[in-house]
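Visitor:
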Amino acid sequence: MLEVSRIREEKEVVIERLKVRNIDVTEKLEEVLSLDTKRKETQLIMDNDLTELNSLSKEIGNLFKSGNIEEANQLKAKTVTLKDNASQQKQNLSEIENAIQKILYTIPNVPNKIVTPGKSDQDNKIVFESGKMPTLPANAQPHWDLIKKYDLVDFELGVKITGAGFPVYKGKGARLQRALINFFLDEATNAGYQEVIPPLLVNEDSGYGTGQLPDKDGQMYHDAQDNLYLIPTAEVPITNIYRDVVLQESDFPIKNVGYTPCFRREAGSWGSDVRGLNRLHQFDKVEIVQLAHPDKSYGILDEMVAHVKGLLDKLELPYRVAQLCGGDLGFTSALTFDMEVFSAAQEKWLEVSSISNFETFQANRLKLRYKSGNNKPQLAHTLNGSALALPRILASILENNQTGNGINIPKVLVPYTGFDKI
RNA sequence: GGAGAAAUGGCAGAGUGGUCGAAUGCGGCAGUCUUGAAAACUGUUGUGCGGCAACGUACCGGGGGUUCGAAUCCCUCUUUCUCCGCCA
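Its first residue numbered 120, the first sequence is counted upward by one per residue in the working numbering.
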């Protein structure tokens, strides 16, 4: 959520930068500013009423003490209208505040100035390519066939138990999945991230804190009975650890990593690219989250990208890094890099990680601040990235490493799988 | 799920209708003393909103109510603890 103070201070910049998302927020910002002015006026009136009310109350107290009952009762009568006024203003105030918030909830984050305009992922800028495409055997198969052939993942079984998009991993498939999770967690831990195992269901406050609500209501599975949401990513519970927290400047950087299953309804996104493991309702992911000093967050974003590149290098997968254009940028992000792995048999680039700097957008909702010295608390920056999302990694490992009579396991995973071939 | 107790500042802990944003202790910060440190002493030390500031205002788990006036009384919700029941 944008800060009103920022809108007031650099309205033109905000409008200009949001144009790369193909939206014009001029009217909304004007509305926010005029409501904010009204808010200040209303509070001033209310505060004045309250000031008078408070001093009358004190007087009445003193009169009662000194036995001046009659005079006290006279003053009491005077408080009635003041009280009415104050409570009316209080109601106005909260209506105005709600109206401001309602608008702010509809405005996405202001993109970083290097974000280019564009409509869709077609317009993203490829900023790095690792090269080294695999050469496949003549009879190469896409992973959904390999999975069946070697009995690694069973989709039909998942349909029987739950529904489409909830696969059952079996045997070496399950083991490979677990190996990847452990590998990713170990790599992150070695890079200084603290591992956490967060809850998989979150409350409404947490959903608002990281910006999934109200923007993506409907994309999350919702337990109406207890009003809890199944997490679409570990970002939600992990970042919300720091909701309503004031850190010391010396606490930075704060680095957390967590493995969780992720649950996404994927409403309306059923298309051609959903075969096999490409798009699921439940999938596993290791997520890295950092909290940073505003001056350091972009350096940290680079560091996180480098970390994920390192993972893909070690897995010996061909990949590229895309800098998202305005039209493809997530609602809450100021700058995002997507990591895409080439899955050779289906000849597709699959997004396996999305690494973003949210600047203060989440922190403002979370009330996540830091203090340096005796200065007033300032909003911190939040960042996160997948390191990594499992199913598509699995898909590309299977496809790229097939030999015609088996599948080679990347060397780095062998200590985790206990086998080097499927 | 049933019965009872509780929720106060970074922490501990007082406060049961007015002068309480809240005693006291610990911790933090600044200073005195010291070659330096410790100890001792002195001062200072929550957050939001409005305001250049002075200051005003709100906040004692959340929401609502009673009252001229609520940390204090009432209702409700949440959470924690104890006992009972159930259970991985």
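We treat Cβ as the ideally placed atom computed from N, Cα and C, and that holds for glycine.
Please report the straight-line C-alpha distance between H426 and A411, rounded to a whole angstrom.
Guide: Near 16 Å, if we compare the C-alpha coordinates of A411 and H426.
Visitor: What does the alpha-carbon distance come out to for the pair G523 and I280?
Guide: For G523 and I280, the distance between alpha carbons rounds to 32 Å.
Visitor: Measuring alpha carbon to alpha carbon, tell me which residue in K415, S462, A259 and M423 is nearest F371.
Guide: Comparing Cα positions, the closest option is K415.
Visitor: By the DSSP assignment, the beta strand (DSSP E) with I373 in it spans what residues?
Guide: I373 to F382 is the span of the beta strand (DSSP E), which, as asked, contains I373.
Visitor: Looking only at its chain, what residues have a beta carbon closer than 6 Å to the beta carbon of R394, apart from the 5 residues adjacent to it on each side?
Guide: W263.
Visitor: Is the Cβ-Cβ distance between I126 and L163 less than 8 Å?
Guide: The answer is no: Cβ separation not under 8 Å.
Visitor: Between I512, L223, Q296 and K404, which has its C-alpha nearest G537's C-alpha?
Guide: Comparing Cα-Cα distances from G537 to each of I512, L223, Q296 and K404, the minimum goes to Q296.
Visitor: Below 6 Å CB to CB, which residues in the same chain sit around Q409 once its five sequence neighbours on both sides are set aside?
Guide: Counting only Cβ-Cβ distances below 6 Å, and skipping sequence neighbours, we find P372, K374, I419 and L502.
Visitor: Within its chain, find whatever has a CB closer than 8 Å to the CB of V315; leave out the 5 residues flanking it on each side and keep chain order.
Guide: Once the five neighbours on either side are set aside, the close Cβ partners of V315 are I357, I360, N375, V376 and G377.
Visitor: Mind listing, in chain order, the continuous beta strand (DSSP E) runs of no fewer than 3 residues lying wholly within the stretch 455–514?
Guide: Correct list: 467–478, 488–490 and 500–508.
Visitor: Do the stretch 427–441 and the stretch 245–254 make contact, defined as three or more Cβ pairs closer than 8 Å?
Guide: Contact between the stretch 427–441 and the stretch 245–254 is present, because at least three Cβ pairs lie under 8 Å.
Visitor: Taking M339 as the reference, give the member of A283, R383 and E435 with the closest Cα.
Guide: Nearest C-alpha to M339: R383.
Visitor: Out of I188, L148 and A514, which one is the CA nearest neighbour of R398?
Guide: Among I188, L148 and A514, the Cα nearest to that of R398 belongs to A514.
Visitor: Which residue from E470, F402 and V132 puts its Cα closest to that of G277?
Guide: The shortest C-alpha separation from G277 is found at F402.
Visitor: Please work out which residues of its chain come closer than 7 Å, Cβ to Cβ, to E368, disregarding the five sequence neighbours upstream and downstream, and give them in chain order.
Guide: Correct list, in chain order: H412, Y489, K490 and S491.
Visitor: At 4 residues or longer, and completely inside the stretch 242–270: list those alpha helix (DSSP H) runs for me, N to C.
Guide: DSSP runs (the alpha helix (DSSP H)) wholly in the stretch 242–270: 262–268.
Visitor: Have a look at E171, V471 and G525 and flag the residue whose alpha-carbon is nearest the alpha-carbon of L265.
Guide: Answer by Cα proximity: G525.
Visitor: Count the other CB atoms, across all protein chains shown, that sit within 10 Å of the CB of G429; report buried if there are 16 or more and exposed otherwise.
Guide: With fewer than 16 other Cβ atoms within 10 Å, it is exposed.
Visitor: For E146, count neighbouring Cβ atoms within 10 angstroms of its own Cβ and tell me buried if that reaches 16, exposed if not.
Guide: That one is exposed.
Visitor: On the CB-based measure, 16 or more other CB atoms within 10 Å of its CB, does M165 come out buried or exposed?
Guide: Buried is the call here.
Visitor: Look at the Cβ atom of L480, then the Cβ atom of M120, and state whether they are nearer than 8 Å.
Guide: The residue asked about is misnamed: residue 480 is Phe in this sequence, not Leu. Contact: yes.
Visitor: When you compare the CB positions of F456 and I474, do they come within less than 8 Å of one another, or not?
Guide: Contact: yes.
Visitor: Tell me the residue span of the alpha helix (DSSP H) that contains K530.
Guide: Counting along the chain, K530 falls outside any alpha helix (DSSP H), and DSSP gives it neither H nor E.
Visitor: Note down, in chain order, each residue of its chain lying with its Cβ closer than 8 Å to the Cβ of Y535, except the 5 sequence neighbours on either side.
Guide: Cβ neighbours of Y535 beyond the five flanking positions: R297, A298, L299, N301 and F302.
Visitor: Within its chain, find whatever has a CB closer than 6 Å to the CB of P529; leave out the 5 residues flanking it on each side and keep chain order.
Guide: Cβ neighbours of P529 beyond the five flanking positions: L434 and E435.
Visitor: Which full runs of the alpha helix (DSSP H) of 4+ residues lie inside the stretch 127–162, going along the chain?
Guide: The qualifying runs are 130–137.
Visitor: Could you pull out every residue in the same chain whose Cβ sits closer than 7 Å to the Cβ of V424, ignoring the five residues on either side in sequence?
Guide: Only V440, F456 and I474 meet the Cβ criterion.
Visitor: Determine the direct distance from the alpha carbon of L148 to that of K238, and round the result to whole angstroms.
Guide: Approximately 23 Å between the Cα atoms of the pair.
Visitor: If you check the beta carbons only, do R294 and L485 fall under 8 Å apart?
Guide: Result no, Cβ atoms of R294 and L485 do not sit closer than 8 Å.
Visitor: So, for T198: in the same chain, excluding its five sequence neighbours on each side, which residues have a beta-carbon less than 7 Å away from its beta-carbon?
Guide: The answer, listed in chain order, is L172 and L175.
Visitor: Within 10 angstroms of the Cβ of D168, are there 16 or more other Cβ atoms? Answer buried if so, exposed if not.
Guide: The residue in question, D168, is buried, as its Cβ has 16 or more Cβ neighbours within 10 Å.
Visitor: Since S472 contacts G449 with CB under 8 Å, what's their CB separation in whole angstroms?
Guide: The Cβ separation is near 13 Å, so there is no contact.
Visitor: Is I407 near A506, with beta carbons less than 8 Å apart?
Guide: Against a cut-off of 8 Å, the Cβ pair of A506 and I407 comes out as a contact.
Visitor: List the endpoints of the continuous beta strand (DSSP E) containing F285.
Guide: First-last for F285: undefined, no H or E at that position.
Visitor: How many angstroms separate the CA atom of P587 from the CA atom of E275?
Guide: Absent from the structure is residue 587, since the part of the chain shown begins at 120 and ends at 541.
Visitor: State the beta-bridge partners of Y438 as determined by DSSP.
Guide: BP columns for Y438 point to V460.
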